[in-house]
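In the working numbering, the protein residues as written are 116 to 716.
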């Protein structure tokens with residue numbers, strides 16, 4: 116019996132295991148126009164069909180469903196970011212009412228698939244046992260070489276039965292094929308039959324193997340590498356089912372088939388090496404994006420502009436992430452979760468900041484509304500000076516309050532300025548009228564001064580006093596004059612009075628007190644009389660304290676002077692005159708304060 120080489124017709128030396136369906140998913144195996152509702156209905160329909168016919172389509176439908184779900188969430192994010200600050204609430208992921216249904220259907224499919232796989236594995240084990248039984252039968256034929264001819268028909272039936280049994284455990288395929296080929300070749304070697312019959316079988320087998328070689332060689336032109344590789348696996352299955360060829364052709368035909376297979380296997384290997392290199396590059400790109408977003412110092416973002424600027428950068432990172440392809444399966448999901456977590460943290464902190472600022476703005480709005488109410492309560496007042504000061508203070512306070520929500524900013528500002536402008540416009544109109552009146556009063560008082568200066572100096576005291584007092588009464592009856600002219604005019608008025616009182620030997624103090632009495636009457640009859648009287652009293656009190664301090668100084672200086680010399684006596688006399696003058700002035704101021712106090716009672 117001739118030995119048969121185990122290397123001849125041995126497809127397992129070049130056939131690589133094809134990727135499982137879970138490793139290579141053809142996303143284009145379903146139409147992208149399915150809605151999620153249609154996907155659910157399609158999966159329901161597919162569940163009624165055999166698992167082996169629908170598993171690829173169900174996997175593709177699942178990917179399409181979650182791709183649409185992802186797009187829906189990203190679109191919701193985009194619309195959320197386009198909203199104005201006032202319209203934004205907390206971002207809510209859109210509710211998916213179909214997801215539970217999908218998961219339920221996929222669980223059903225998972226159970227069916229598990230049952231299918233279990234059945235397949237059971238079938239493979241049964242087929243393995245059947246093939247072993249057939250090999251045992253063929254082996255039994257070989258043990259009876261003297262009667263080999265009578266086993267020919269049985270042998271052909273066993274051969275056909277062996278070929279028809281397809282699915283067996285992958286670990287047993289090579290050993291089964293080797294034994295089958297060995298037993299078959301040994302059978303033919305032992306078989307003492309007519310040479311044409313053997314040659315006929317070898318010829319038919321050769322024709323089939325040549326056809327397989329041609330098909331394998333044609334696969335080199337197939338641009339779909341995965342499809343070409345999968346087809347090659349089918350060709351190897353057919354090759355293993357074909358019987359032997361003539362010995363002189365066995366190595367040649369096998370080498371031809373092997374070389375064609377090598378071309379496809381190398382393309383397949385290069386394809387996955389390219390994918391692996393691309394995935395590694397994508398992994399590094401995604402790690403870099405994770406590190407970039409993790410490096411953002413969220414604590415430094417303390418303004419709307421800073422958050423807006425950084426948001427643009429984060430959105431750009433997200434776009435760059437989308438542009439990067441898949442990393443390897445073992446890290447792709449981890450990297451996505453890492454990147455998504457950083458994105459979620461950023462937008463969560465942004466929402467917290469906006470909420471915090473929104474709360475602060477709401478407080479600021481209430482403060483500004485309170486200022487509006489105060490300004491509106493004052494705008495009709497005629498206490499021009501006090502209210503002007505108060506509104507000015509409110510305006511200063513307004514500037515210290517921070518921003519308010521944008522949709523209220525113009526409204527509350529307009530409300531505040533309208534109240535302030537209303538008051539100051541009234542004040543402007545009022546003082547425009549008063550300025551005209553004050554100019555008239557200025558002319559009238561100047562006329563009184565001219566009349567005082569024009570009194571005939573030859574008049575006796577009584578007649579002169581009648582005219583002076585009449586002019587003093589006229590002076591008192593005249594209203595306010597422009598503020599900048601007030602002191603100058605009063606000085607001219609007082610000088611005119613003093614010249615007459617001095618000529619008539621009347622004490623100057625009395626004259627000044629009489630004149631001040633008229634002034635008090637003027638103040639008491641004017642607008643805001645109380646405020647004006649209080650201010651005048653405060654002015655007199657300051658003057659009184661100043662004179663009192665001077666008096667104390669002069670009195671202290673008296674104790675240091677030498678009274679034994681002539682010059683010392685003269686200085687003492689000067690100080691005594693000054694002290695008496697200060698006392699007279701202090702007495703006059705005290706009397707003036709008394710006149711004001713009478714009006715304030």
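Heads up, the beta-carbon is just placed ideally off N, CA and C, and yes, glycines get one too. The structure presented is a predicted model; accordingly, all values stated were derived computationally and were not measured.
- Apart from sequence neighbours up to five positions away, the residues of its chain that approach residue 479 with a beta-carbon distance below 6 Å are 516, 517, 519, ordered along the chain.
- Taking C-beta atoms as the reference points, residue 317 and residue 361 count as a pair closer than 9 Å.
- Counting C-beta pairs closer than 8 Å gives fewer than three between the region 189-205 and the region 259-274, which falls short of the contact rule.
- In the three-state scheme derived from DSSP, where H, G and I count as helix and E and B as strand, residue 358 is classed as coil.
- Between residue 447 and residue 454 a beta carbon distance of about 11 Å is seen, past the 8 Å cut, so the two are scored as non-contacting.
- Membership of residue 415 in any alpha helix (DSSP H) is not indicated, and neither H nor E is assigned to it by DSSP.
- Annotation: the region 604-688 contains no complete segment of the beta strand (DSSP E) (minimum length 3 residues).
- Around the C-beta of residue 394, 16 or more other C-beta atoms lie within 10 Å, and the residue is accordingly described as buried.
- Between residue 435 and residue 148, the alpha-carbon positions lie close to 26 Å from each other.
- The beta strand (DSSP E) runs lying completely inside the region 427-481 and spanning 3 residues or more number zero.
- For residue 171, the enclosing alpha helix (DSSP H) stretches over residues 166-197.
- Shown here, residue 350 sits in a helix according to DSSP, grouped into three states.
- The Cβ-Cβ distance between residue 703 and residue 628 falls below 9 Å.
- Residue 374 counts as exposed, since fewer than 16 other C-beta atoms from the protein chains shown sit within 10 angstroms of its C-beta.
- With a beta-carbon spacing of about 6 Å, residue 711 and residue 635 fall inside the 8 Å limit used to define contacts.
- For the options 594, 270, 648, 565, the alpha carbon positioned closest to that of residue 609 is the one of 565.
- A contact is defined here as three or more CB-CB pairs under 8 Å, and the region 494-507 fails this definition with respect to the region 458-474.
- Around the C-beta of residue 277, 16 or more other C-beta atoms lie within 10 Å, and the residue is accordingly described as buried.
- The residue from 630, 697, 538 with its alpha-carbon nearest to that of residue 658 is 697.
- For residue 303, the uninterrupted alpha helix (DSSP H) run begins and ends at 285-305, by DSSP.
- For residue 559, the enclosing alpha helix (DSSP H) begins and ends at 521-569.
- In its chain, beyond the 5 residues on either side, 328 have a beta carbon closer than 7 Å to the beta carbon of residue 371.
- A Cβ-Cβ separation of about 5 Å places residue 494 in contact with residue 537 under the 8 Å criterion.
- Cβ neighbours of residue 433 within its own chain (closer than 7 Å, five residues either side excluded): 458.
- Comparing alpha carbon positions, the residue from 332, 249, 427 closest to residue 298 is 249.
- In this structure, residue 545 lies away from residue 594, with their beta-carbon atoms at least 9 Å apart.
- Around the beta carbon of residue 423, fewer than 16 other beta carbons lie within 10 angstroms, which makes this residue exposed.
- Straight-line measurement puts the Cα of residue 589 at about 15 Å from the Cα of residue 579.
- Nearest neighbour of residue 325 by Cα position, chosen from 300, 344, 365, turns out to be 365.
- Contact annotation, residue 556 with residue 587: C-beta distance approximately 16 Å; criterion of less than 8 Å not satisfied.
- If you draw a straight line from the Cα of residue 409 to the Cα of residue 161, it comes to about 44 Å.
- The Cβ-Cβ distance between residue 468 and residue 416 falls below 9 Å.
- When the five nearest sequence neighbours on each side are left out, the beta carbons in the same chain lying within less than 8 Å of the beta carbon of residue 407 are those of 432, in order along the chain.
- Taking C-alpha positions only, residue 337 is separated from residue 343 by approximately 6 Å.
- In this model, residue 247 and residue 270 are separated by some 14 Å (Cα to Cα).
- Beyond the five residues adjoining it in sequence on each side, residue 378 comes within less than 6 Å, by CB distance, of 335 in the same chain, given in chain order.
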